[in-house]
Each structure stands twice: as C-alpha cells, then as structure tokens.
Ligand SMILES: Cc1ncc(COP(=O)(O)O)c(C=O)c1O
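Residue numbers (UniProt numbering): 1 to 372.
#1: Is it right to say residue 180 is buried, meaning 16 or more other beta carbons lie within 10 angstroms of its own, or is it exposed?
#2: Residue 105: buried (16+ other C-beta within 10 angstroms of its C-beta) or exposed?
#3: Who does residue 183 pair with in a DSSP beta bridge?
#4: Between the C-alpha atoms of residue 216 and residue 264, what's the straight-line distance to the nearest angstrom?
#5: Go through its chain and collect everything with a Cβ distance to residue 168's Cβ below 7 Å, but skip five positions before and after it.
#6: Hey, would you say residue 42 sits closer than 7 Å to residue 148, going by beta carbons?
#7: When the Cα atoms are used, what is the spatial distance from residue 200 to residue 100?
#8: Does the segment 182-197 come close enough to the segment 214-228 that 3 or more CB-CB pairs lie under 8 Å?
#9: Using the C-alpha atoms, what's the distance from residue 267 back to residue 254?
#10: Just checking, does the segment 121-128 make contact with the segment 152-161 on the three C-beta pairs under 8 Å criterion?
#11: Should residue 260 be listed as close to ligand 1, given that the test is whether its C-beta is under 6 Å from any heavy atom?
#12: List the endpoints of the continuous alpha helix (DSSP H) containing residue 114.
#13: In whole angstroms, what separates the C-alpha of residue 358 from that of residue 94?
#14: Give me the Cα-Cα distance between residue 198 and residue 284, rounded to the nearest whole angstrom.
#15: In chain order, what residues of the same chain have a beta carbon less than 6 Å from the beta carbon of residue 3, not counting five sequence neighbours either side?
#16: Are there 16 or more other CB atoms within 10 angstroms of the CB of residue 82, so buried, or fewer, so exposed?
#17: Just how far apart, CA to CA, sit residue 207 and residue 312?
#18: When DSSP labels each residue in this structure, what does residue 88 get in the three-state scheme?
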C-alpha cells in the first residue's frame, strides 16, 4: 500500500516549535503531523496518509469508545551522534502490536505499514526533536475499532493512527529514583486475561491503584500476581529488575513472562545486554517477602524499572499498606547506572549497533544550526 503524504502547507515557525519543546511534560507536546489508515472487511488496510495533526470526528456509537477494542504501542526515535534520527527496535514493537491485536480481535497491522508510517512521521517532524541528548520523539501507534454500532462483537472497521510527541522521559529529565507503592488490594492481570497485551483497558483498570500510589506519596504502583498477591509482576508502565550482590558477584533477576506481564522491549534489551557486560541474568519469580527481606539483609542491592518511556529508573523506596523499606543506598546503584548508560549509548548510535536494534530513518539530517 502506498502511504500518501499530505503535509501541512505552512509548517509552524521554528521559534514556536522551540517554545513548545522547551520543557515538555510527558505526552503533552505533540508534533504537527500524524499518520492515519483504515481497515474494513472489504478492503483490508487502506487509505494510509500522512497529514496534519487534527482532531477526529467520531460517531458517538464508535465501538472503541464503548467496548475498549483498542491496542497501542510506545516506541522512540532518537537523534544519533551523526545528527540523523533512528528508531529503537521498531520491528519488535510492530510484532507486539500484532500480538496485542490478536488478543483483542483487532486486525493485525502489517509490519511494512507500521515501519513505513514510522519512517514517514519521523522524517516529516524531525525538526521537532531538539538537538539535546535527553530528548527523544515518543511514537504512539494506536489501532481502534471505528465502526459505529452498539453490537457487542469484533468491529468491522478500524483506524490506525500514529502520533509523535517530544519527551524528556516519563519521570522528567533526571533519572531520579522512583518511590513505589505495592498494591495488595488491586490486580492488573489474571491468567487468561489481557496482561500480555498492550490494550487500552489494562491502563484504565490500573488508574485507581496508580492514584492510590500517588496518594501515598509514591510515583508508581507495583503489581503482584492476581491469585496470591505474593509474586512481583511489573509496574504500571514498566518492567522490574532486581540486582542481587555487588561488583563481580552482581546478578540480575526479573519476573518471568507468562501471560500476565507485558513483554517489554526494554526488558528484552536488558536481558540480552546484561550477560554481554558480565552480569548473569535470570527470569525467575521474586516474592514481595523476598524483596523486603533481601533488601534488609543487603542481598538485594538495587532494583530498577525499565520501559521505553521510563528508560532505566532506579527504585529506591518500597511502600506497602503495612510497611516500607529502602533499596540499597536509596540512590542510583552502579549496575543500574551501567545498564542505563550502555542502553542509551546504543539508542543514540554512540556505539556500534551490533544487534540491529536501530532503524535509521531515511531523510533525517542533523538539527538545523541554532535549534534548541
Ligand atoms: C505495563 C507495561 N509494562 C512494561 C512496559 C515496558 O515495555 P517497553 O520496554 O516495551 O516500553 C510498558 C510500556 O510499554 C507497559 O505499559
């Protein structure tokens, strides 16, 4: 399918762009364009267009609004050392979007269309990304059921949209330590449910626990398994790693996938990267009790969260309804810092991309002189 390009006739002036991107709170500074495509049972995927960012007009009976037949992704484009832009592991995000789609009875978006849309939007709005290593373009692909009907069945019509926003990271510019709230009251995902899919409803269902976390002065909620509320699973929008030991004896453990955890692309990157840096890593269950006792005994020395938006963020304090404890020294530990640095270097093309994780975006060039 040919993606038609209809960019804005009059782009926003550079000084207005600079004003908007000066201090972008996560998710608020959207760029000037978007990609849109449609799917129906007769034509399959069609009508792919790059066009100016604009509100949609939706029928009030749109299925996605009523029954949550919505899947999405989150991936990033970085300005690399040579000034051009590259996207981190887009093929893996395309695959996860297809897997999420299968779970929600949404038609799968072909990888080719996913990649073409990413290339087109990043190339079109490249000037939005300031020449600042702490900033990136967060890309948000979403597919929603657009048919107008109140019938409860898989819809016959869908829209694909791709948006981009300028971001410094979910927790802001500095990778400050994160204080987490472990909920023993709510569950995110049960066996057989949608935990492994990136679908809208998972996030709506997590908001109450997330707000409870905030009310307790915490940044993020940690989810436990739904059956026993004993095993650590993940956080609201990121996966978790535990560091046991220090120095040459340090090793990593992350909870195993198994249908209730989102298979993070960053998680997978750390799983592959760590052994290359001499850090053994295992996918094994960690209980809440083991987390507490491990920290108290000094066996668990660091814990970090990782995700596309959150990058690699140290967890320094853990709170439950009954108790709280500090992880390690309460600051960014050496292992977390090293992994964060290594991953970031790969993403920015500062070290050779031996794993084929970066997709260079054709037509992107160094930021114009004077860009902020
Ligand atoms: C629930 C959840 N877990 C983990 C992650 C981390 O996944 P990734 O590293 O692919 O961004 C995300 C973010 O997409 C998420 O929403």
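All C-beta atoms in this analysis are idealised placements derived from N, C-alpha and C, irrespective of residue type, glycine included.
Taking the structure as given:
#1: buried
#2: exposed
#3: DSSP lists no partner for residue 183.
#4: 27 Å
#5: 24, 134 and 135
#6: no
#7: 10 Å
#8: yes
#9: 8 Å
#10: no
#11: no
#12: 111-124
#13: 14 Å
#14: 22 Å
#15: 48, 116 and 120
#16: exposed
#17: 22 Å
#18: strand
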